[in-house]
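Step one of this worksheet: look at the structure below.
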């Protein structure tokens, strides 16, 4: 296996090293950095990227990435794994989905500004650092997302543009092992997210959406995500053994994203134990009420005859109009993967 040089720092075969990618000087005098945890094996193989945190409140995969990296043995690993657990440290500090800092009047979504710019906003500079100092080293990428402070999610988004790596994206997405896949058609020349940029560079990217802050202590969810990474690594030939297949895995043909149309207090009717469950049409799942009068403003029910709860809010709390509420899948359109 060849050595890998990231931002001027070389990681040699057999080494496990932290590399800091400088982004910009901050007002307090320190440097905003992106920290890559690199494990380079002694044996030839591909380079897999494990990246999370483009949305600052989606912190679950931080555990997954460190669990995977901490369990790797460089003496037997074929290839290398480059972990970027917090690719948006600014939003992570505020634990918010979007990044608002400096002269920006609106918070910015890091995952829609790739490939970024070295002379752009701070968010664009973070994207540029990832695009220039991290992505080019990779042969494959797992782009982790999760629920936030009050939500949890469980599926894999499969982006298919018809590019030469689209079949590989589907193969690796299946290997991650989620019960449900959702395939979305994208334009090959449309690049704004890290996964789309990776694909444009010929790097297949799995968009794994699993867990949330509220499920971060769930060892079963953690074990599933780690097992998913290991299975992808077996497909890539990085770990010994044959990859396994999830016999329950299905491709959902129709899913519905629901946002809150009214701000207020949210009251869940189903908890996180129902994530991934199938419920009949009309099942109450939650409501929004006026915080001052407790008047009912919105009621949410399962929209399909057999509704899969792909993303749910499971705790009482404040919501704004436009916040994500649910993602529902139509079980009638689910086909074996």
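Residue numbers (the working numbering): 39 to 375.
All C-beta atoms in this analysis are idealised placements derived from N, C-alpha and C, irrespective of residue type, glycine included.
Own chain residues within Cβ distance below 7 Å of residue i, not counting five before or after
i: residue 171; result: 44, 45 and 59
i: residue 211; result: 194, 196, 219 and 244
i: residue 132; result: 94
Close-in-space but distant-in-sequence residues of the same chain around residue i (CB under 6 Å, 5 per side omitted)
i: residue 143; result: For residue 143, the predicted structure reports a pLDDT of 45, less than 50, and the residue's modelled location is therefore unreliable. The matter cannot be settled from this model.
i: residue 376; result: Lying before the first or after the last residue shown, residue 376 is absent from the chain, which here runs from 39 to 375.
i: residue 302; result: 326, 327, 328, 329 and 335
i: residue 315; result: 347
i: residue 91; result: 124, 125, 126 and 130
i: residue 47; result: 57
Assumed close pair residue i, residue j - CB separation to whole angstroms, cut-off 8 Å
i: residue 80; j: residue 52; result: 5 Å
i: residue 263; j: residue 249; result: 7 Å
i: residue 340; j: residue 309; result: The pair is not a contact, with the Cβ atoms about 15 Å apart (cut-off 8 Å).
Three-way DSSP call (helix, strand, coil) for residue i in this model
i: residue 291; result: coil
i: residue 108; result: helix
i: residue 143; result: In this prediction, residue 143 has a pLDDT of 45, which is less than 50 and means its spatial position is unreliable; nothing more can be read from the coordinates.
i: residue 93; result: coil
i: residue 166; result: helix
i: residue 160; result: helix
i: residue 226; result: coil
i: residue 209; result: helix
i: residue 127; result: helix
Residue j beta carbon less than 8 Å from that of residue i
i: residue 221; j: residue 289; result: yes
i: residue 146; j: residue 137; result: yes
i: residue 102; j: residue 260; result: yes
i: residue 93; j: residue 183; result: yes
i: residue 39; j: residue 118; result: yes
i: residue 230; j: residue 323; result: no
i: residue 353; j: residue 306; result: yes
Nearest candidate by alpha-carbon position, reference residue i, set the options
i: residue 72; options: 169, 83 and 348; result: 169
i: residue 218; options: 367, 40 and 61; result: 367
i: residue 292; options: 265, 111 and 370; result: 370
i: residue 375; options: 40, 93, 361 and 208; result: 208
i: residue 187; options: 174, 238 and 252; result: 252
i: residue 344; options: 180, 318, 112 and 308; result: 318
i: residue 97; options: 340, 111, 83 and 181; result: 181
i: residue 84; options: 120, 161, 75 and 148; result: 120
i: residue 159; options: 285, 49, 63 and 256; result: 63
i: residue 216; options: 285, 361, 363 and 355; result: 285
i: residue 175; options: 74, 333, 228 and 198; result: 74
i: residue 76; options: 132, 86 and 236; result: 86
i: residue 190; options: 155, 351 and 361; result: 351
Any C-beta of chain D under 8 Å from that of residue i
i: residue 267; result: The chain inventory of the structure shown lacks chain D, comprising one protein chain alone.
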